[in-house]
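Positions 29 to 89 (the working numbering) are the ones given, in order, by the sequence shown. The C-beta atom is built at its ideal place from N, Cα and C for all residues, glycine as well. Model, not experiment: these values are computed from the prediction. As structure tokens, the structure follows; a few thoughts come after it.
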Amino acid sequence: MSKALAWIRKSKGDDEDIGLEEQRELVRGLAEEVAGEVEVLDLGIHTQYLTKHPRLAVSAA
Numbered sequence: 029m030s031k032a033l034a035w036i037r038k039s040k041g042d043d044e045d046i047g048l049e050e051q052r053e054l055v056r057g058l059a060e061e062v063a064g065e066v067e068v069l070d071l072g073i074h075t076q077y078l079t080k081h082p083r084l085a086v087s088a089a
């Protein structure tokens, strides 16, 4: 069974921003399509540099 980590963050705006809401829906959906088990890491608005794009990490167990 594969596992996925759906990583969600945005560097500017507020927690109700449409871009962040879209990430929450789309990234989780993509993770569920490719993995049997999904863990979501939702950082919300995080102003320190981590990464520019949401990430989807998948591993085979």
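Does residue i come out as helix, strand or coil in the three-state DSSP assignment?
| i | result |
| --- | --- |
| glycine 57 | helix |
| glycine 47 | helix |
Measure from the alpha carbon of residue i to the alpha carbon of each residue in the options, then state which is nearest.
| i | options | result |
| --- | --- | --- |
| serine 30 | Ile73, Ala59, Gly47, Leu69 | Ala59 |
Using a 10 Å radius around the Cβ and a threshold of 16 neighbouring Cβ atoms, would you call residue i buried or exposed?
| i | result |
| --- | --- |
| valine 68 | exposed |
| leucine 94 | A query on residue 94 cannot be resolved here, the shown segment of the chain reaching from 29 to 89 and no further. |
| valine 62 | exposed |
Contact defined as beta carbons within less than 8 Å: I believe residue i pairs with residue j. What is the distance between those atoms, to the nearest angstrom?
| i | j | result |
| --- | --- | --- |
| aspartate 70 | isoleucine 46 | At roughly 16 Å, the Cβ-Cβ gap does not stay under 8 Å, so aspartate 70 and isoleucine 46 are not in contact. |
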